[in-house]
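Have a look at the structure below, then the notes.
Protein chains in written order, with our numbering: chain S, 107 to 397; chain H, 1174 to 1423; chain V, 6 to 390.
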C-alpha cells in the first residue's frame, strides 16, 4: 500500500514562507543591534583618544573630554557593586544554604521577583527620599552608588542563590559528614565552588549599572562639574547623564554632537565589555563542569 | 559496653514514620550489615549515628541512640563534634575539587590546631589504611577529580579515616563501582575491622554475607531480624527474611 | 551566631520593598490633601463679598473665563496679581516701600484678586480661603502644568495616556516579533548558533537606554518624520518602536524557554500522528505555552511602562493628551526624570511627583503580580497534568 502525502504541496510552501519570515525577523532585530554599534563606531571612533578620556569638558561641552564623567561613573559603580555584591551574596547564601524553611525561601524569591520588576526611576525616587534627604547624604557618589546597589540586588541575589544551589549536594554532605559546621562548609566548599558563577553575575551587574541613568539623575549626577570628584559625599558628572545632557540641552546641540558620539561609544564599549565578559565566563563554566 | 546501641528508636519525617521501634546493639570492631528493600529505613537508621537526619525537615526521634554508652541525641551533645568522631562514606564518591592531599587533610584542618608535619603524617597513614597510598604517593598535589571511580571512593574512605573516628558508616559504598573496585573495597573493610567498628548499608546480599559479622534485615521501617551473619543466611528465622533472601521481593 | 549576618542580608530584600513602599506613599500621599502654595495668601478687596473659592474658580477668574459675579462678587472680570506678574506693575529693583505703595493702590480695585506671600499683602486686603481637592485635581484634569501660577495644574491623564500609547505600540511590536524570534531559535536555529544568539540577545537587552535614546534621536526620529510625513518625528510611536525593540530579548527568551520545556513525549506524539513541524508548533506547542506567552507579555509591558531615558529623548516630552500615537507625549517615568530635579524638596510639586512614582509603582506591581499569578497557577497545572 502506498501512502499519499498527508501534507498537500501548497501547505508545505506556506510553511516554508513562515519559516523564512521568522528567520528574517530574528536576524533583522539583531542586525539593528549591529547597526547601532556600527553607526556609533563610525561616528564616534574619531573622537576617542586618551585626551578625550582624561580631559575636562570645555567650551560648554563642545570640546575637551569626559574625564570627570568617566571617573565619576567608575566611583559610583565601585560603590554599587561593592556594597551590592556583599549583601547579595550573603542573601543568596541565606536563601540557598541557611534558611530554615522552604516557605521562607519561596517568600523571599517572590519578593525578589517583585523588586526585579520595579522601574529604575522608582528606585531613583526611593534613593532620593532615603539616601539624599532622610539620611542626609545629599546628592553624592555614595547616595547614587547605594541606590544602584539596591537596583542590582534582585539580579545579584538570584544569581548567588543559583550559584550556591548548583554546588553538588553530595559535596556539602560529605563536608558535614566529616564534622564541618554549616559555616565551615559554606566558606571552604560551597563559596569557592560557586565563586566563578558569582563573578559572572557581578560582571553582568556592572555592565548594567554603568549604563543606568534614571537612578542617578537625582541621587548623584550633576550637570556640569568640571573637576574630578574628591570624596564619596560629593556629587559628580556621570557618563550616561552626560550623554543625555549633551544631546538634549546645551546651547547648540549640533556642536556637541561629536562629544556625544564619543561619550555614547565609550559607554557602549564599557557595557559591551562587561556583558561580553559575563557571557565568556559563563561559557567557560559550562565547559568546565561538563568534564 | 556496646559500641553502639539503639533502644526502641522510632523516626518520623513529618507524618511519615520511617522507623518503628528499632532496638539492636553492636560490639566493638564488628561489621554490621543493614539489608532490606528500597525505602525500608536502613539509610535512615544508618544516618542516626552521625545525626545527618537532623537536616531533613520534619525529623523527629523517639527512643535512644547510644555510642559508647552515651545518648547522642541528648541536648548537650554537639552534632558537629559527633561527626568528627563518626566517619561516613556515601554511595557515590564525592571528592572535593581540591588536590588529593587537601581532600584527605580537609577534616584535619577543621580543627586548625595541628602542625603541617602532623597533618602530612595523618594523610599518609589514612591513605595507607585505605589502600590508596601506593597509587597516589607521587601525585598528592594532583586534582582528586583525576582519579578513577574506585580510587575516588577509596579517597573518600581515607578522608573519613584521617580524623580517626571510632565508628565508620558506609551507605552503599560500592553500588556505583565496578566489580574490581568493589572487591578492593570489600577487602579494605575486612582490614579496617581491626581498628574500627563499621556499619554498612548494602543492597547486595552476597556482599553482606562476605564482609559482615552481624546482619540486620529491615522491612517497612521495622527491624525484622538481627543476628550473626553466618547464622543469618544459613538459617533465617523470620518468614519475611526468608522471602527477601530468596529473592521473592526487594 | 555568624549565621545571623546571613539572615539579615537575606531579609534585606524585604526591607527594601517595605522601605520603598513606605517612602513612596509617605512623600506621595500629601499630593492629595496638601495645599500647593501654602505660603501664598489669596485676598480680595474688602467690599468683595466672596469668602472662599475653589481652585477651579481661581483659575477661571485668572484666565478671564468667568467674572466675579459667577461666585457672588461684583459683575466685573477679575484682575489677578501674583508673584509671576508683579513685574508688570513694579519697576525692577523696587524698594520695599515702593512695593507696598503699588500693592496698596492695586488693592483699591474691587476686581482685584491677590495671591501673595503674607508679608507683601496690603493691610487693607481681605484674605479668602481657597479649597484644593487633590484627588479631583490629579484625576479630573487633562492638563499637566505643575509650575503654573498661581495654582498648578496637576492632571495626570496626559501622562497616563502617554504611557498607555507608548506601551501599546511597544506591545504591538514585541509580542508578535518576540514570538517569531522565540519560535525561530527554539525550532529552526542551527544548534551551534544557539549560544551566540542568546549572548546577542543579552547584549541587546543590556544596551544602556540612554544610548538607545541617542541613536533613536539621531537616526529613527528623522526617518519617522519623513516616512510618516509628520511635523516632528518625536512621538509616542517612535518611543514605542524603540522600546519594543529592546524588550524583544525579554519576551523572546521567556517564550523560547517555555517552548523548549514542552514535554518530549507530547511532541513525539504529534509527529507520530503525522503532523508537520509547523503544525506541531501552531497546534501543540503554542497553545501549550500560552500561559508563558501571557506572562512574558505582561512582564514586557511592565518593562516598557517603566522605561525612562528612551522616552525622554524621542517622545517629544509634551504633556498633552494625545489622541493618536503619532503625537508627542509625556509618560509617567519621563515626567519623574524631567521634573524632579527642579522640584524643591518638600514642595507640592515634589509630592505630586512622588505620587506619580507611587502610581507607576502600583501599575508595574500589578502587571508583575498578574504575570506571577499566571505562571504559578498554570505551571502547577502543567506539572501535575
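Note that the Cβ used here is the ideal one computed from N, Cα and C, for glycine as well.
Item: Proximity of residue 406/S and residue 381/S at Cβ, strictly below 7 Å; Value: Residue 406/S is absent from the structure shown; chain S starts at 107 and stops at 397.
Item: Residues from the region 1273 to 1287 of chain H in contact with chain S, defined by Cβ distance under 7 Å; Value: 1279, 1280 and 1283
Item: CB contact flag (residue 79/V, residue 115/V, <7 Å); Value: yes
Item: Check: residue 199/V C-beta below 6 Å from any heavy atom of the ligand GTP; Value: By its list of ligands, the structure shown contains no ligand whatsoever, and the ligand GTP lies outside what it can speak to.
Item: Own chain residues within Cβ distance below 6 Å of residue 127/V, not counting five before or after; Value: 108, 109 and 112
Item: Interface partners of residue 182/S on chain V, CB under 7 Å; Value: Result: empty, since nearest Cβ-Cβ is about 14 Å, beyond 7 Å.
Item: Nonlocal neighbours in the same chain, by C-beta distance under 7 Å from residue 297/V, ignoring five residues either side; Value: 259, 260 and 263
Item: Reduced DSSP secondary structure (H/G/I, E/B, other) of residue 122/V; Value: strand
Item: Rounded distance between the beta-carbons of residue 33/V and residue 356/V, thought under 8 Å; Value: 6 Å
Item: Cβ distance (whole Å) where residue 255/V is taken to contact residue 305/V below 8 Å; Value: 6 Å
Item: Residue-level contact to chain S via CB, residue 1253/H, 7 Å cutoff; Value: yes
Item: Cβ of residue 287/S within 7 Å of any chain H Cβ; Value: yes
Item: Candidates 1262/H, 1311/H and 1395/H: closest to residue 1213/H by CA position; Value: 1395/H
Item: Residue closest to residue 1407/H, alpha-carbon to alpha-carbon, out of 1379/H, 1393/H and 1392/H; Value: 1379/H
Item: Residue 76/V at chain S interface by Cβ criterion, 7 Å; Value: no
Item: Within-7 Å CB hit, residue 276/S to chain H; Value: yes
Item: Unbroken alpha helix (DSSP H) run spanning residue 1236/H, endpoints; Value: Where residue 1236/H is concerned, there is no enclosing alpha helix (DSSP H), although the beta strand (DSSP E) it sits in stretches over 1232 to 1240.
Item: Nearest-angstrom Cα separation, counted from residue 285/S out to residue 294/S; Value: 13 Å
Item: Beta carbon proximity, residue 297/S to chain H, threshold 7 Å; Value: no
Item: Backbone secondary structure at residue 1262/H - three-state DSSP; Value: strand
Item: Start and end residues, alpha helix (DSSP H) containing residue 1171/H; Value: Within the shown structure, residues of chain H are numbered from 1174 to 1423, placing residue 1171/H beyond reach of any answer.
Item: C-beta atoms of residue 346/S and residue 317/S nearer than 7 Å; Value: yes
Item: Rounded C-alpha distance that separates residue 223/S from residue 242/V; Value: 23 Å
Item: Short CB-CB distance (under 7 Å) between residue 220/V and chain S; Value: yes
Item: Short CB-CB distance (under 7 Å) between residue 213/V and chain S; Value: yes
Item: Whole alpha helix (DSSP H) elements within the region 189 to 246 of chain V, 4-residue minimum; Value: 199 to 210, 214 to 220 and 226 to 232
Item: Alpha helix (DSSP H) segments (min. 4 residues) lying fully within the region 242 to 292 of chain S; Value: 247 to 271, 275 to 283 and 288 to 291
Item: C-alpha gap between residue 161/V and residue 200/S, whole angstroms; Value: 42 Å
Item: Cβ shell of residue 390/V (< 8 Å), same chain only, five flanking positions each side left out; Value: In this prediction, residue 390/V has a pLDDT of 41, which is less than 50 and means its spatial position is unreliable; what the coordinates show is noted afterwards. Counting only Cβ-Cβ distances below 8 Å, and skipping sequence neighbours, we find nothing.
Item: Continuous beta strand (DSSP E) stretch holding residue 132/V: start and end; Value: 131 to 136
Item: Residues bridged to residue 1389/H (per DSSP); Value: 1207/H and 1399/H
Item: CB of residue 1331/H within 7 Å of CB of residue 1305/H, strictly; Value: yes
Item: Whole-number beta carbon distance between residue 1418/H and residue 1412/H, since they are thought to touch under 8 Å; Value: Going by Cβ atoms, the distance from residue 1412/H to residue 1418/H rounds to 11 Å, so no, they are not a contact pair.
Item: Proximity of residue 1202/H and residue 1383/H at Cβ, strictly below 7 Å; Value: no
Item: Three-state class that DSSP yields for residue 1311/H in the structure shown; Value: coil
Item: Proximity of residue 150/S and residue 162/S at Cβ, strictly below 7 Å; Value: no
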